[in-house]
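Once you know that position 40 of the sequence shown is 40 in the UniProt record's numbering, the rest is easy, because the numbers rise by one and skip nothing.
Notes to accompany the following structure.
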Amino acid sequence: MRLGYMPQSLHVEPTLPLTVYRFLQLALRGAPKPLDNTEIVATLSLLQIPHLEQAQLTGLSGGELQRVLLARALLRKPHLLVLDEPAQGVDIAGQAELYSLIDTIAETQGCGVLMISHDLHLVMSSTDEVICLNHHVCCHGKPEAVSTDPAYLSLFGAGVTDSLAVYTHHHTHEHDIQGNIVGEGECNHP
């Protein structure tokens with residue numbers, strides 16, 4: 001199984017002249033298959049940062065650096081992406097874009113995503129499965145189940161659930177492309 005790991009941050013010596021392109025080349029030394037340069041360009045384009053190819057790594061914003069780190073992880077052609085606090089240093093608008101990209105990548109690349117995050121809003125609104133840790137596994141399951149689990153409530157307090165974006169959409173019918181209900185069944189949305 002190939003892993004693609006994205007750390008939450010990366011310290012680079014500020015005086016080191018290192019472009020994004022060269023960083024990605026160096027990061028993949030020893031890969032099982034030599035990297036085709038067009039793969040780097042294609043991955044930067046996928047992450048909407050092709051303009052950063054020749055940028056100095058030390059001159060990037062927080063959001064740009066996170067996308068470059070994600071590119072490095074993707075270039076390994078992973079079966080599983082391991083993302084450690086992927087929105088570290090990213091502004092709110094950038095976070096929404098980054099999480100949308102991660103969803104798209106998981107779907108189009110066919111890889112699983114294991115995301116480590118302290119952002120409870122993200123965890124509860126954007127994941128399929130939650131594992132809540134506090135020196136041990138406190139609880140796990142679907143976000144809706146975890147948000148009402150006694151161990152979770154004990155850890156974060158009963159009021160935290162009300163402030164989180166936990167939206168459950170249960171139905172036994174289909175929607176057409178415009179969002180209209182097709183067929184019969186139950187649904188909890190308007």
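For glycine and all other residues, C-beta sits at the position ideal for the given N, C-alpha and C.
Check	Outcome
So, with DSSP's three-state summary, where would you put D128?	coil
Is it buried or exposed for E64, if we count other Cβ within 10 angstroms and need 16 for buried?	buried
Among the candidates C111, H136, R22, whose CA atom is the shortest distance from the CA of P78?	C111
Can you look up T19 in the DSSP assignment and give me helix, strand or coil?	strand
Could you say which of G89, D119, L74 lies nearest to L101 if we only look at CA atoms?	L74
Going by DSSP, what residues sit across from D84 in a beta bridge?	I116
Helix, strand or coil for D98, going by three-state DSSP, please let me know.	Note on identity: in this sequence residue 98 is Leu, with Asp being the wrong assignment. Of the three classes helix, strand and coil, the one that applies to L98 here is helix, per DSSP.
Can you check which of these residues, Q54, V82, T43, A145, is closest to M1 by C-alpha distance?	V82
Which of the three DSSP states, helix, strand or coil, is assigned to D110?	Checking the sequence, you will find Gly at residue 110 rather than Asp. Reduced to three states, the DSSP call for G110 is coil.
Going by DSSP in three states, Q25 sits in which element: helix, strand or coil?	helix
Give a yes or no on contact between the region 17 to 25 and the region 34 to 51, applying the rule of three or more CB pairs nearer than 8 Å.	yes
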